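Numbering (the working numbering), first residue to last: 14 to 272. Cβ coordinates follow ideal geometry from the N, Cα and C atoms, glycine included. What you are looking at is a predicted structure, and each value in this text was computed from that prediction instead of being measured.
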Amino acid sequence: MPRILAIANRKGGVGKTTTTVNVATAMAAAGKKVLVIDLDPQGNASTSMGVNKKGRMTSSYEVLIGTHKLSEAIVWTEIPNFSLVPSSPDLAGAEIELVDMPKREFALKNAIAKEAVNYDYVLIDCPPSLSLVTINALVAADAVIVPLQCEFLALEGITDLIRNINVIKKNFNPRLALHGVVLTMYDKRNNLTQMVEDDVRAFFGKKVYNTVIPRNVRVSEAPSHGKPVLIYDFRCPGSQAYISLTGEVLKREKELLAC
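1) With C-beta atoms as the reference, is L227 less than 7 Å away from P250?
2) Thinking just about the alpha-carbon of each residue, which of D246, T38, T30, G26 is nearest to the one in T60?
3) Select from M208, I171, V180, F185 the residue whose C-alpha is nearest the C-alpha of V194.
4) Return the chain-ordered list of same chain residues with a C-beta closer than 6 Å to the C-beta of A156, the five sequence neighbours on each side being excluded.
5) What is the rounded straight-line gap between the Cα of D173 and the Cα of D211?
6) From V112, L166, P160, E128, pick the residue whose C-alpha is nearest to that of I148; which is it?
7) For the alpha helix (DSSP H) containing M70, name the first residue and the last one.
8) Ends of the beta strand (DSSP E) at R16?
9) Can you check which of these residues, G25, L52, S72, is closest to L166 by C-alpha distance?
10) Please state the DSSP three-state secondary structure of N203.
11) Exposed or buried, N223, counting other C-beta atoms within 10 Å across all chains shown (16 or more means buried)?
12) Going by other Cβ atoms of all chains shown within 10 Å of its Cβ, with 16 needed for buried, is K45 buried or exposed?
13) Using the Cα positions of I78 and E85, report the straight-line distance between them to the nearest angstrom.
14) Going by CA-CA distance only, name the one from V242, I244, P15, I20 that's closest to T128.
15) DSSP has T197 in a bridge; who is on the other side?
16) Compute the distance between the beta-carbons of I137 and L83, then report whether it is under 7 Å.
17) Between M114 and the ligand ADP, is the CB less than 6 Å from at least one heavy atom?
18) Let's test the definition: count the other Cβ atoms within 10 Å of the Cβ of L104 and tell me whether it reaches 16, buried, or not, exposed.
19) Any idea if T71 is buried or exposed, counting beta-carbon neighbours within 10 angstroms, 16 or more meaning buried?
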């Protein structure tokens, strides 16, 4: 079975999708077989990988509500070892359809368990809310990576998320762990950035990755070209940061599996 990592934060615009696709790209470059599941109705991970969402295709929505198998939704990208389950705007209404389903919190977990055995990692890009869709991701996951924007209001969202992770761990998924917190949109010239970093590292300790993701225009440009920044501009600071972050993630994975 693959290791399943959910990339989640209840706050939008913190770098969840960017982190998902670039960590997945770096993992694939390291020889890992990676599947990204886009669970955000906005479909930014799909756009970032150049998937044309206008053409009707099987998506994570159909997988979640059980009308199609996971294998029927997988799209192969141009990056070796990297495949994707695209999103659909229909996910915005999945909440209503999931409500009456038996064991609704386990829909995604069961779909992955049946057909993702050939992957080393499954990365789930979560929507910025605690809906049944996000709960499905957290129930399926082994661990959660939390991107945190270096702004004051972002700190409020993360405390809620940690509380939700603990509730899901208690009621649905006892193995769920906080993999780590990654500081994004980091601007070392900004005093607030340093204050947020100090607070986060004081609270979460070693759970905060050493690598920070800097504000970088090339990271912002890459999705409009349908490419991860690692492919769009390998040498830019954002790319180098994501390579370093992925190294930390994989190192931490070895430590977690050794326990």
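Looking at the coordinates:
1) Counted from its first residue, the sequence shown places residue 227 at position 214. Counted from its first residue, the sequence shown places residue 250 at position 237. Correcting the residue identity first, residue 227 is Pro in this sequence and not Leu. Contact flag set, yes.
2) Translated into the one-based positions of the sequence shown, residue 60 becomes position 47. Of D246, T38, T30, G26, the residue nearest in Cα terms is T30.
3) As a working note, residue 194 is residue 181 in the sequence shown. Closest by alpha carbon: I171.
4) Residue mapping note: residue 156 aligns to position 143 of the sequence shown, counting from 1. When the five nearest sequence neighbours on each side are left out, the beta carbons in the same chain lying within less than 6 Å of the beta carbon of A156 are those of L18, A190, H192, in order along the chain.
5) Within the sequence shown, the letter at position 160 stands for residue 173. Within the sequence shown, the letter at position 198 stands for residue 211. Going from the Cα of D173 to the Cα of D211 covers about 19 Å.
6) What you label residue 148 is simply residue 135 of the sequence shown in a count that begins at 1. Among V112, L166, P160, E128, the Cα nearest to that of I148 belongs to V112.
7) Numbered from its first residue, the sequence shown carries residue 70 at position 57. It is not in any alpha helix (DSSP H) - M70 carries neither H nor E in the DSSP assignment.
8) Position 3 of the sequence shown, counting from 1, holds the residue named residue 16. That run of the beta strand (DSSP E) goes 16-20.
9) To locate residue 166, count along the sequence shown from 1; it is residue 153. Selected option, being the one with the closest Cα: G25.
10) What you label residue 203 is simply residue 190 of the sequence shown in a count that begins at 1. Note: N203 maps to coil in three-state DSSP.
11) Counted from its first residue, the sequence shown places residue 223 at position 210. So N223 ends up on the exposed side.
12) By 1-based counting over the sequence shown, the position of residue 45 is 32. The Cβ neighbour count for K45, taken over all protein chains shown within 10 Å, is at least 16; the residue is labelled buried.
13) Residue mapping note: residue 78 aligns to position 65 of the sequence shown, counting from 1. Residue mapping note: residue 85 aligns to position 72 of the sequence shown, counting from 1. Between the alpha carbons of I78 and E85 lies a gap of roughly 14 Å.
14) What you label residue 128 is simply residue 115 of the sequence shown in a count that begins at 1. Note that residue 128 is Glu in the sequence shown here, rather than Thr. Nearest of V242, I244, P15, I20 to E128, Cα basis: P15.
15) In the sequence shown, residue 197 corresponds to position 184, counting from 1. The secondary-structure analysis by DSSP pairs T197 across a beta bridge with Q162.
16) Looking up residue 137 in the sequence shown gives position 124. Looking up residue 83 in the sequence shown gives position 70. No. Outside cutoff.
17) Absent from the structure shown: the ligand ADP. Ligands present: none.
18) Within the sequence shown, residue 104 is the residue found at index 91, counting from 1. Classification for L104: buried.
19) Along the sequence shown, one-based indexing puts residue 71 at 58. T71 is classed as buried because its beta carbon has at least 16 other beta carbons within 10 Å across all chains shown.
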